[in-house]
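Chemist: Be aware that the sequence shown starts at 484, since it is given in the working numbering, and climbs by one per residue.
Quick reminder that beta carbons are idealized off the backbone N, C-alpha and C, glycines included.
Just so it is clear, the structure is predicted and the values come from calculations on it, not from any experiment.
Below: one structure in structure tokens.
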Amino acid sequence: MTDFSCVITGGGESGEGPGDADALRASVASVLGQSLRGSEAVVVLASGTDALLRTAARTLADSAPDRVRLIHADPAVRTTGALRNAGLDAAAGRYVLVLTPGERLHRHACRNLWQAGERSRADLVAGRWSRAVGEGGKEQEPPWQDELYARSRTVPRFTDAPQLVVRDALVTGFCLRREAARRHGLRYEEDLAHGEILFGPLAAAAVGRITLVRRLIVTGRAVPDRARDLTALVEAHRRVANTLDAQGLPALSEERERAFVRDHLVPLARAFPRLPAARRTRTAATAARVLTAPVPDGLPPLERVAATLLARGDAEGVLTAAYALSRPATVCAPVVAGEDGRVEWDDRCPVDVSELGHRYRVFGEARLMNRLTRCTAEEGRLLLEGRLVLPPHGAPDTPFTATLEFRARGGARAVAFPVDDVCRDGNGITWGARADVTRLLRPVGIRDTAWDARLIVAAGGVRSVSDLFGPQDVVGGAVRFAARPRLGRLAGDTWEPYITLKDHLALRLTARRRPARTAHRLVRYATHFRPARQARLLTRALRRRLDRYRSRSFKATAYNAWLTRLPVRRGSVVFESHMGRCYGDSPRALHEEIRRQGLKLRSTWSYDTSPDGFPADARLVRRWSWRYLWALARAEFWVDNQGFPQHLRKPARTTYLQTWHGSAYKRMGFDETRVRLQNAPQRERLQQAVHRFDHFLVRSEHDVNTLARAYRLPEERLLRTGYPRNDALAAERTRAESEGRLPRPPLAGALGLDDHKKVVLYAPTFRGGPAAGGKQTRRRLLLDVREFAERFGDTHTLLVRAHYLEAARLPVCPPGTVIDVSRHHDVSEILALADVLVTDYSSIMFDFALLDRPVVLYAPDLDTYAAERGSYFDLRERAPGPVTATQEELFAEIAELKKSDIRHASHRAAFAAEFGAYDRGDAARQVVAAVFARQGASRTTDHHHRPGAGR
């Protein structure tokens, strides 16, 4: 028996096109190329198939008669579903798989599916699939597959993997045991155009065991034409939902409704700017006819707006929603106040969009949609008309003036044209401009052939700049103007307005007359004939060689081999904080203590991306630059709190002071499971990097028993001084106890904090891993800051401090309620402002406890986190404050903060005494005396006398 039968249909109600024969060849070739040789292609052709496709199918069958079977369907079989059923009947393999022409099997797809099915005895085996997107046909997997196929597994029923039926996961990329398909009578619906959407869920509901493999099975699936096939897509979706309801699974049916909006209706709305006006109107009318069910709850506001407008048949409204979907921070509609203080999209679409924060955006700060309504030629000039949406609040009452500007793409040149017609019409501004682009827009003709348009509107001394948004058909093909480049008409002779891929108006310089076209052909020939191609290849090779010399691996090799031989410059210190991301923490405290004592030390600070905020009196070098490596090689002292690059060897006469960045709750170093699972060379590299430390600061015996032991640091390298960064916290506590909390430190004024509102600092821990490679990632906070602002905004201000390797995604909230302080350099200054700290597992709780102020731990995943990462103690038993597992528990603690403070005061004091025993307020002075005094330099340990150490 054949192991695998792959059914491929040709013809049917989809009709044939010029590419159908090529698509069939590609699908059959992928079957013949399988590493599992017991796989066959069953090609089923409709009776009305054209001659070209029939010839291609016959040629394929003749080329491999033992592996390609050609089935000519009965004349009564016309639909794709009927053709697929004929293929299922003709299949002879143990497993059967159905491909749409153009879909291609991965080389090992059949083997992976067959092995998984034989091993698990499952009747259905499914894997990943990808589709071609964009003009270049780049393969892309649906993002929801990452969770569904995160690991290979077998489930007893489809409800244990609900995404199989909630999403269109089973439209391709799966196989059925042929005997099970016949036993359960599984057939494609012959009256349904997109029957594969329904067949997969029906099969999943009928069979028992299902195996999921995390391998890619099918590529090349076509993206459906949702504007054309909307009726069929909706009908297939409804039948799937009815199937789920019949199975007694209304929750999955509701989730399916939301997924259909995200997977089909929202992409359809996004495509509206690229559809002609007549097709937009027809599609909206079709949507109004077939989308009869209410839009489901639980969707993001803009997706709900787009689905609602589609269901109402509002083509112009969908066009506006499409722009808003791609630019959520832009005010695109005249939002109105609804019930209970909610903000709704507009009068015709009362969808709650309060989450977008448009009511807090004011003119000059908000991004506004500027809809281009007309683009044509009039008396040799470019005539543009449009309408700018105004924000709901903060629009000036003074008259508006406007300027139309064209700016060279990628350059600084800009040409402005006056806008004479500016008129306010309630919640927007209509405008019109006539631009003599032939006379005033004079490009050079090289590298400035594209110019983007934007409108600058001013009122009351406030400006608002907006691009000109328009659908692709707003610009007619006959709108052209003569161009006069500075290099002459051979560089280009015509200006053509067009709509970019981002739906904005722009001008491009083109060659339409014979002299310019001839010149362009000559330039192309000169840059593409063989000597020019060889010159480009040589240039690329030289560029790659230069890139190699600029690479970190080459720099590390050169540094270790040559720069470390340079003599040490006495009195030079290189400071680094959090891998150059900030001027703060203990390195900053030591730098300022050295300045206060007037020590004659030459300070160098490293920065990662920008030198803003770093001290002006110090030498600044960019991390991993040659100046950075030169400074490290010649420095007498290295000072940092995280770790200089592991691959850089410490010079023999350099003293490395590691101040570290916090006490440990989670397991660190060689105590981490991740490190213990590494191979020996990886662990050796970590040990060599840690062995560079000459001094390591600890703030309690807890650090000695955890960090020092985890990094295998000997006793003689430990300095029991506390953290210099915490000297400021000790001083702030003394000041607050003697003088009171108010006035707050000067930073409060810069942040606009109200003295009469409580300041809550939310500082979650880092939840990434080493795979981040030191790059900053954006993450959604576990705390709903918008809900916090709604409940406590009148009496509290929330400061959000993300980890330095992460960036927080904050929604727009009322002014003064939520402030992002993640970019502030020194966290100690932020801690001094806070009245209460909310964190999870961050070491910041050990520092904040020194202030003797309330700490609330918000740890909804405490048990999971402790099990996966490991911890040094039970947080619930030794926490400095209440440990909350839900947001409601957290808000309850904040609402009753005084009672909570009294209840946990003794716990907080014990916590500070245990974990900050050496933080007495004089750590910086002690460290400077111990390390930077001349007698301290003589105690430097030369680790390079040991084989392999210090690398």
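Taking the alpha helix (DSSP H) that Glu738 belongs to, which residues open and close that run?
Modeler: For the purposes of this step, residue 738 is taken as residue 255 along the sequence shown, with counting starting at 1. That run of the alpha helix (DSSP H) goes 733-743.
Chemist: On a Cα-Cα basis, can you pick out the residue from Pro1014, Arg1168, Leu1314 that is closest to Pro1228?
Modeler: As a position in the sequence shown, residue 1228 is number 745, starting the count at 1. Of the listed residues, the one whose Cα sits closest to Pro1228 is Leu1314.
Chemist: Measure the alpha-carbon distance for Asp1186 versus Thr1204 and round it to whole angstroms.
Modeler: Working through the sequence shown from its first residue, we reach residue 1186 at position 703. Working through the sequence shown from its first residue, we reach residue 1204 at position 721. Distance between the alpha carbons of Asp1186 and Thr1204: 12 Å.
Chemist: Tell me the rounded alpha-carbon separation between Pro626 and Cys1296.
Modeler: The residue you call residue 626 lines up with position 143 of the sequence shown. The residue you call residue 1296 lines up with position 813 of the sequence shown. Going by the C-alpha atoms only, they are around 29 Å apart.
Chemist: Can you tell me whether DSSP reads Val490 as helix, strand or coil?
Modeler: Mapped onto the sequence shown, residue 490 falls at position 7. Here Val490 sits in strand by DSSP.
Chemist: Any idea what DSSP makes of Phe900, helix, strand or coil?
Modeler: In the sequence shown, the residue the question calls residue 900 occupies position 417. DSSP places Phe900 in strand when its eight states are reduced to three.
Chemist: Between Phe1176 and the rest of its own chain, which residues show a CB-CB distance below 7 Å, the 5 nearest in sequence each way excluded?
Modeler: Position 693 of the sequence shown, counting from 1, holds the residue named residue 1176. Closer than 7 Å at the Cβ level, and outside the excluded window around Phe1176, lie Tyr1139, Gln1141, Leu1196, Arg1200.
Chemist: Pick out whichever of Ser1311, Gln1129, Pro980 has its Cα sitting closest to the Cα of Arg1035.
Modeler: Working through the sequence shown from its first residue, we reach residue 1035 at position 552. When the alpha-carbon of Arg1035 is set against those of Ser1311, Gln1129, Pro980, the nearest one is in Gln1129.
Chemist: Specify, as a first and last residue, the run of the alpha helix (DSSP H) that Thr1022 falls within.
Modeler: For the purposes of this step, residue 1022 is taken as residue 539 along the sequence shown, with counting starting at 1. Start and end: 1013-1033.
Chemist: Residue range of the alpha helix (DSSP H) that Ala790 falls in?
Modeler: Here the question's residue 790 lines up with position 307 in the sequence shown. 784-794 is the span of the alpha helix (DSSP H), which, as asked, contains Ala790.
Chemist: If Tyr1206 sits next to Leu1230, beta carbons under 8 Å apart, how far is it from one beta carbon to the other, in whole angstroms?
Modeler: Locating residue 1206 in the sequence shown gives position 723, where the first residue counts as 1. Locating residue 1230 in the sequence shown gives position 747, where the first residue counts as 1. The pair is not a contact, with the Cβ atoms about 20 Å apart (cut-off 8 Å).
Chemist: Pull up the distance between the alpha-carbon of Pro833 and that of Gly493, whole angstroms please.
Modeler: Along the sequence shown, one-based indexing puts residue 833 at 350. Along the sequence shown, one-based indexing puts residue 493 at 10. Each residue's alpha carbon lies about 47 Å from the other.
Chemist: Given a threshold of 16 other Cβ atoms within 10 Å of its Cβ, counted over all protein chains shown, does Gly1433 qualify as buried or as exposed?
Modeler: Stepping through the sequence shown from its first residue, residue 1433 is reached at position 950. Because the pLDDT at Gly1433 is just 34, under 50, the model does not fix this residue reliably, and the value given afterwards should be weighed accordingly. So Gly1433 counts as buried.
Chemist: In three-state DSSP terms, what is Asn1188?
Modeler: Here residue 1188 refers to the residue found at position 705 of the sequence shown. Residue state, collapsed to three classes: helix.
Chemist: Would you tell me roughly how many angstroms separate the C-alpha atoms of Leu1469 and Ser1108, rounded to the nearest one?
Modeler: Any answer about residue 1469 is impossible in this case: the structure gives the chain only from 484 up to 1434.
Chemist: Using the rule of at least 16 other Cβ atoms within 10 Å of the residue's Cβ for burial, across every protein chain shown, is Thr702 buried or exposed?
Modeler: Locating residue 702 in the sequence shown gives position 219, counting from the first residue. Counting Cβ neighbours within 10 Å, Thr702 comes out buried, since at least 16 surround it.
Chemist: Nearest to Arg577 by CA position, among Leu973, Pro1294, Phe487, is which residue?
Modeler: For the purposes of this step, residue 577 is taken as residue 94 along the sequence shown, with counting starting at 1. When only C-alpha atoms are compared, the closest one is Phe487.
Chemist: Using alpha carbons as the reference points, say which of Leu732, Arg996, Arg1031 lies closest to Ala966.
Modeler: Along the sequence shown, read from residue 1 onward, the residue named residue 966 stands at position 483. Nearest to Ala966 by C-alpha distance, out of Leu732, Arg996, Arg1031, is Arg996.
Chemist: Taking the C-alpha atoms as reference points, what is the distance between Glu1220 and Arg1117?
Modeler: Taking the first residue of the sequence shown as position 1, residue 1220 is located at position 737. Taking the first residue of the sequence shown as position 1, residue 1117 is located at position 634. One C-alpha to the other measures close to 45 Å.
Chemist: Are the C-beta atoms of Thr1248 and some chain B residue less than 8 Å apart?
Modeler: In summary, chain B is missing from the structure at hand, where a single protein chain is found.
Chemist: To the nearest angstrom, report how far apart Val1319 and Tyr1066 are at their CA atoms.
Modeler: For the purposes of this step, residue 1319 is identified with residue 836 of the sequence shown, where counting begins at 1. For the purposes of this step, residue 1066 is identified with residue 583 of the sequence shown, where counting begins at 1. Distance between the alpha carbons of Val1319 and Tyr1066 is about 24 Å.
Chemist: Alpha carbon to alpha carbon, what distance is there between Glu1119 and Arg1053?
Modeler: Within the sequence shown, the letter at position 570 stands for residue 1053. Within the sequence shown, the letter at position 636 stands for residue 1119. C-alpha separation (whole angstroms): 6 Å.
Chemist: Excluding five sequence neighbours on each side, which residues of the same chain lie with their C-beta closer than 6 Å to the C-beta of Gly1256?
Modeler: Position 773 of the sequence shown, counting from 1, holds the residue named residue 1256. In this prediction, Gly1256 has a pLDDT of 46, which is less than 50 and means its spatial position is unreliable; what the coordinates show is noted afterwards. For Gly1256, where only same-chain residues beyond five positions count, there are no Cβ hits under 6 Å.
Chemist: In whole angstroms, give me the CA-to-CA distance for His677 and Leu871.
Modeler: The residue labelled residue 677 in the question sits at position 194 within the sequence shown. The residue labelled residue 871 in the question sits at position 388 within the sequence shown. In a straight line, the C-alpha of His677 is about 41 Å away from that of Leu871.
Chemist: Under three-state DSSP, which class holds Lys1442?
Modeler: The structure shown does not extend to residue 1442, since the chain spans only 484 to 1434, so no value can be given for it.
Chemist: Which whole-angstrom value is the C-beta distance of Arg634 and Arg697, which I expect to be below 8 Å?
Modeler: Translated into the one-based positions of the sequence shown, residue 634 becomes position 151. Translated into the one-based positions of the sequence shown, residue 697 becomes position 214. Arg634 to Arg697, Cβ: 6 Å. Contact.
Chemist: Figure out for me which residue from Leu1373, Asn1188, Gly1404 has the closest Cα to the Cα of Leu1333.
Modeler: Taking the sequence shown and counting its residues from 1, the one referred to as residue 1333 is at position 850. Measuring from the Cα of Leu1333, the nearest candidate turns out to be Gly1404.
Chemist: Which residues share a DSSP beta bridge with Gln1141?
Modeler: Along the sequence shown, one-based indexing puts residue 1141 at 658. Gln1141 pairs with Asp1123, Phe1179.
Chemist: Here's the rule: buried if 16 or more other CB atoms are within 10 angstroms of the residue's CB, otherwise exposed. What is Cys489?
Modeler: Translated into the one-based positions of the sequence shown, residue 489 becomes position 6. Buried.
Chemist: My guess is that Leu669 and Ala652 are in contact by the Cβ rule of under 8 Å, so how many angstroms apart are they, rounded?
Modeler: Translated into positions along the sequence shown, residue 669 becomes position 186. Translated into positions along the sequence shown, residue 652 becomes position 169. Contact doesn't hold; Cβ gap of about 17 Å is too wide.
Chemist: Between the alpha carbons of Ile554 and Thr485, how many angstroms are there, rounded?
Modeler: If you number the sequence shown from 1, residue 554 lands on position 71. If you number the sequence shown from 1, residue 485 lands on position 2. Ile554 and Thr485: Cα-Cα distance of roughly 17 Å.
Chemist: Confirm, please, whether the CB-CB distance from Arg611 to Gly656 is below 8 Å.
Modeler: Residue mapping note: residue 656 aligns to position 173 of the sequence shown, counting from 1. Residue mapping note: residue 611 aligns to position 128 of the sequence shown, counting from 1. Contact: yes.
Chemist: Here's a check: name, in chain order, each residue in its chain whose Cβ is nearer than 6 Å to the Cβ of Val1057, leaving out the five neighbours to either side.
Modeler: Working through the sequence shown from its first residue, we reach residue 1057 at position 574. Only Thr1087, Ala1114, Leu1115, Ala1118, Trp1121 meet the Cβ criterion.
Chemist: What runs of the alpha helix (DSSP H), each 4 residues or longer, lie entirely inside the region 1359-1395?
Modeler: 1370-1378, 1380-1386
Chemist: If you draw a straight line from the C-alpha of Arg1028 to the C-alpha of Leu1021, how long is it?
Modeler: In the sequence shown, the residue the question calls residue 1028 occupies position 545. In the sequence shown, the residue the question calls residue 1021 occupies position 538. Rounded to whole angstroms, Arg1028 to Leu1021 spans 11 Å at the Cα level.
Chemist: Within the same chain, show all residues whose beta-carbon is closer than 6 Å to that of Val749, passing over the 5 residues directly before and after it, in chain order.
Modeler: Translated into the one-based positions of the sequence shown, residue 749 becomes position 266. Closer than 6 Å at Cβ, skipping near neighbours: Glu786, Ala789.
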